[in-house]
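Asker: Residue numbers (the numbering used here), protein chains in the order written: chain B, 640 to 731; chain S, 925 to 1344. Note that beta-carbon positions come from the ideal geometry of N, C-alpha and C, so glycine has one too. Fair warning: this is a prediction, and the values are worked out from it, not measured in the lab.
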Amino acid sequence: MAVRVRVPTPLRRFTAGVDEVTAEGDSIKAVLEDLERRHPGMRERLLDDNGELRRFVNVYLNGDDIRFLNQLSSKVKDGDDISIVPAIAGGR
Amino acid sequence: MSYVTNLKCRECGQEYPISPLHVCETCFGPLEVGYDYAKIRAAISRATIERRAHNLWRYRELLPVEGEPEIGPFSGFTPLLRAERLGAELGIKKLYIKDDTVNHPTLSYKDRVVSVAISKAREFGFTTVSCASTGNLATAVAAHAARAGLNCVIFMPEGVETGKIVGSTIYGARVITIRGNYDDVNRLCSEIADKYGWAFVNINLRPYYTEGAKTFGFEVAEQLGWRTPDHIVLPTAGGTILPKVAKGFKELKEVGLLRDSEFKIHCAQAAGAAPVIHALHKGTDLITPVKPDTIAKSIAIGNPADGFYVLRAVRESGGWGDVATDPEIIEAIKLLACTEGIFAEPAGGTTLAVTMKLIAQKRIKPDESVVVSITGNGYKTVEAVAQSIEQPFVIEARLREFDALYERLGGTRRALAGAA
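#1: CA-CA distance, Tyr940(S) and Lys932(S)?
#2: From what residue to what residue does the beta strand (DSSP E) around Gln1193(S) run?
#3: Using a 10 Å radius around the Cβ and a threshold of 16 neighbouring Cβ atoms, would you call Lys1215(S) buried or exposed?
#4: Please report the straight-line C-alpha distance between Asp719(B) and Asn1105(S), rounded to a whole angstrom.
#5: Measuring alpha carbon to alpha carbon, tell me which residue in Ile1165(S), Thr1058(S) and Ala1056(S) is nearest Val1238(S).
#6: Could you list which residues in chain B have their beta carbon closer than 9 Å to that of Arg1111(S), in chain order?
#7: Once you ignore the five residues that flank Val1077(S) on each side, which residues in its own chain have a CB closer than 6 Å to its CB?
#8: At the 9 Å Cβ level, is Leu685(B) part of the contact set with chain S, yes or no?
#9: Kindly list, in the order they appear in chain B, the residues whose Cβ is closer than 8 Å to that of Ser1114(S).
#10: Which residues in the same chain as Trp1150(S) place their Cβ atom closer than 7 Å to its Cβ, once the five residues preceding and following it in sequence are excluded?
#11: Please report how far the alpha carbon of Tyr1133(S) lies from the alpha carbon of Pro993(S), in whole angstroms.
#12: Helix, strand or coil, according to DSSP, for Glu659(B) in the structure here?
#13: Val1125(S) by DSSP, collapsed to three states: which one?
#14: Kindly indicate which three-state DSSP category Cys948(S) falls into: helix, strand or coil?
#15: Report yes or no: do three or more beta-carbon pairs, one from the region 665-678 of chain B and one from the region 702-711 of chain B, lie closer than 8 Å?
#16: How about the region 1006-1025 of chain S and the region 970-982 of chain S: do they share at least three Cβ pairs that are nearer than 8 Å?
#17: Excluding the five sequence neighbours on either side, which residues of its own chain have a C-beta within less than 6 Å of the C-beta of Asp1217(S), listed in chain order?
#18: Starting from Gly953(S), find everything on chain B with Cβ-Cβ shorter than 7 Å and list it in chain order.
#19: In its own chain, which residues sit with a C-beta less than 7 Å from the C-beta of Leu650(B), not counting the 5 before and 5 after it?
#20: How would you label Pro1290(S), buried or exposed, when you count the other beta carbons within 10 angstroms and need 16 or more for buried?
#21: If we ignore side chains and look at the alpha-carbon of each, how far apart do Glu1331(S) and Leu1323(S) end up?
#22: So for Ser1317(S), helix, strand or coil by DSSP?
#23: Just to make sure I have the definition right: I need the residues of chain S whose C-beta is within less than 8 Å of the C-beta of Phe707(B). Which are they?
#24: Would you grab the beta carbon distance between Thr1275(S) and Val1157(S) for me? Rounded to a whole angstrom, and I think it's under 8 Å.
#25: Counting only C-beta atoms, is Arg682(B) closer than 9 Å to chain S at any point?
#26: Beta-carbon within less than 8 Å of Thr661(B)'s beta-carbon, same chain only, minus the 5 sequence neighbours each way: which residues are those?
#27: For a contact meaning CB atoms closer than 8 Å, what does Asp1108(S) contact in chain B?
#28: Does DSSP put Leu1019(S) in a helix, in a strand, or in coil?
#29: Within its chain, find whatever has a CB closer than 6 Å to the CB of Ala1123(S); leave out the 5 residues flanking it on each side and keep chain order.
#30: How many angstroms separate the CA atom of Ile1219(S) from the CA atom of Ala1308(S)?
Given below as structure tokens:
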């Protein structure tokens, strides 16, 4: 199951500067593990010591925040789009 | 010269040079501006500040800009009113309203943060400034960018009211609407900032932008005669202003302008967008995002990245917080207008309604001083209250018709009493 993953600037040093990569897996968790295999060093930037998503990292699956889905266990299909975005807060 | 030292990650402490950077490359934590407080302490005094112009730059040593500030020459230093009629209503002797409904030039607290962000955008050499916003932030960015001679692009969710688009395009800003909700727009902007190198005031300039919010607290302390209030109540959306007001009070003590800095800081959220209050009441640090549903659009953020820092500032100070429902928000807007002559946007109604709850819960006591923070103007959000107030009486232009109405309303006292 191949998906596209958008990589934010702070993580591009692990992808040789590339802003979109492909990865495989049937859940967000599996995709992140595959990313770590392809681009070593990424995992610890995204997950804390307990394997949970870091507080300031947002992951979107086809535009939806995975916290509204099934968190890291959210199911992923072939061709899905995943975005990794640093948390930002603005006023409106 | 400025007293800024570096950018520092609030989570892991990693340091970075002053640059348009907002996220730590190691842990994704937010970056914050660092200062040389010892040097500031030697350079600043109450008398120096009091001699300066009435704008937010009177605290320039504690703001991250280089050189003479040029943006927002009339922004900040808004009134702190002693609210005696409202205070009598609430049973509080020392009640104050910090009134950013009259901030220049766009009538909200955003004129503070945007003045700092746009100053920094110019320093960094950006020619285009931008933001995701449907209201106060968009208006402030568009207006300040116009005066600074910068290009401005505003991103909004599709379907926002015409008035909100006019509020930006009138200043020459280009508005792009996105098919999606506000959080979708914010996420896209983060990706655009990354790719196109534009200055998004609340994304890549965020460390500087948020520093501007401290001036709200600096002014409250100065206007109270260089002391902090016992209580200050602030609205929370993305989580910028509350922690920065707390930081501002602490900095004033650090640089010798306040003898002590004891205060309780309280958080107000609309019931339909209250992820921070849910976490506060549950006693956890974990903020679960929500889908916002409230008339208080200016604070309808379901996923506040700085919510964690709001929790920390509230808990450190011994403060608390609560939510206000849409009807409670409207009643509070009316009460503030009818007692003090200030027309607040729904965020202000939220803050007052929550203050009233904190008083009822005896967390705020009658003899303690309280500052209610009103951060935006009700003239921009008339539709939020339009259906909840008395409608006008209509008569022909004949005295006899007025006589009849006067009788019907029960004579002078009732005729003048209005709907209040």
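Answerer: Considering the structure as presented:
#1: 6 Å
#2: Lys1188 to Ala1194 is the span of the beta strand (DSSP E), which, as asked, contains Gln1193(S).
#3: Lys1215(S) should be labelled exposed.
#4: 20 Å
#5: Ile1165(S)
#6: Asn697, Tyr699, Gly702, Asp704, Ser722, Val724 and Ile727
#7: Here the set comprises Ser1054 and Arg1098.
#8: Yes, Leu685(B) counts as interfacial toward chain S.
#9: Within chain B, the residues near Ser1114(S) are Pro647, Val724, Pro725 and Ile727.
#10: Arg970, Leu1181 and Leu1182
#11: 14 Å
#12: strand
#13: coil
#14: coil
#15: The region 665-678 of chain B vs the region 702-711 of chain B: in contact.
#16: no
#17: Gly1196
#18: Phe695
#19: Cβ within range, chain order: Met681, Arg684 and Ile723.
#20: Its Cβ having fewer than 16 others within 10 Å, Pro1290(S) is exposed.
#21: 12 Å
#22: The residue asked about is misnamed: residue 1317(S) is Phe in this sequence, not Ser. In this structure, Phe1317(S) counts as coil in the three-state DSSP scheme.
#23: Pro1213 and Lys1215
#24: 5 Å
#25: It does not; no Cβ of chain S falls within 9 Å.
#26: Ala641, Val642, Arg643 and Val644
#27: Listed along chain B, the residues sitting closer than 8 Å to Asp1108(S) by beta-carbon distance are Gly702.
#28: strand
#29: Ala1045, Phe1050, Val1053 and Leu1129
#30: For Ile1219(S) and Ala1308(S), the gap between their C-alpha atoms comes out near 6 Å.
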